[in-house]
Structures are given as structure tokens and as C-alpha cells.
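So for the sequence shown, our numbering puts the first residue at 70; every next one is plus one. Even glycine gets a Cβ: it sits at the ideal position worked out from N, Cα and C.
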Amino acid sequence: MQECGVCNGWAASERPCPKCEGTMRDQGRVTDFLDDYSPYLDQKYTDLVDGDLNSSITEECVHLFVCEDCGLNDIQAT
Ligand SMILES: [Zn+2]
Ligand SMILES: [Zn+2]
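What follows is the structure in C-alpha cells.
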């Protein structure tokens, strides 16, 4: 796996919310949350990995961001 700035602390762990312009905070790697969050993320997760689970998930670090203002969930590759 390539080095991830968020995991290693040198990249921003907060991102602007596209919905309410609040602050989205990093909740950790999606791969660590899959068991708990997969029911919620299934649609978007499927879109992101595009059916190619192995290359997308093992090669990139994908983080779950949650907006502290509106609760929006988003997952982004770092
Ligand atoms: Zn990471
Ligand atoms: Zn928001």
C-alpha cells in the first residue's frame, strides 16, 4: 500500500462538506469500518471501487469522512 498522508498525519484530516459547507472529519479507513458501515456505504462504495475490489481497496487508502454538522457520509481515496 502506498503511503497515506491522512493515516500518517501530514495531510488534512478535515474536508469541507459539499452539502452544508460544514466540516467533515476523518473517521478512519473504510476498510476498518466495512463491517459496520457497509449497509450505509454500499451504493457509493460500489461506485468507487467499480467492481474491482482488489486493486482499489488494497492499493489505495480510502477514508470515511462524516460531516459534523449535517451527518453526511462520504468516502474518498487519499
Ligand atoms: Zn489513510
Ligand atoms: Zn454537512
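Here the alpha carbon of C130 sits roughly 8 Å from the alpha carbon of E72. Looking at the backbone, the Cα of D101 and that of C86 are separated by about 22 Å. The residue among V75, G74 and Q96 with its C-alpha nearest the C-alpha of E137 is Q96. For A80 and R94, the gap between their C-alpha atoms comes out near 12 Å. Restricting attention to N142, V99, G140 and E90, the CA atom closest to the CA of H132 is found in V99. For the pair G74 and T147, the CB atoms are nearer than the 8 Å cut-off.
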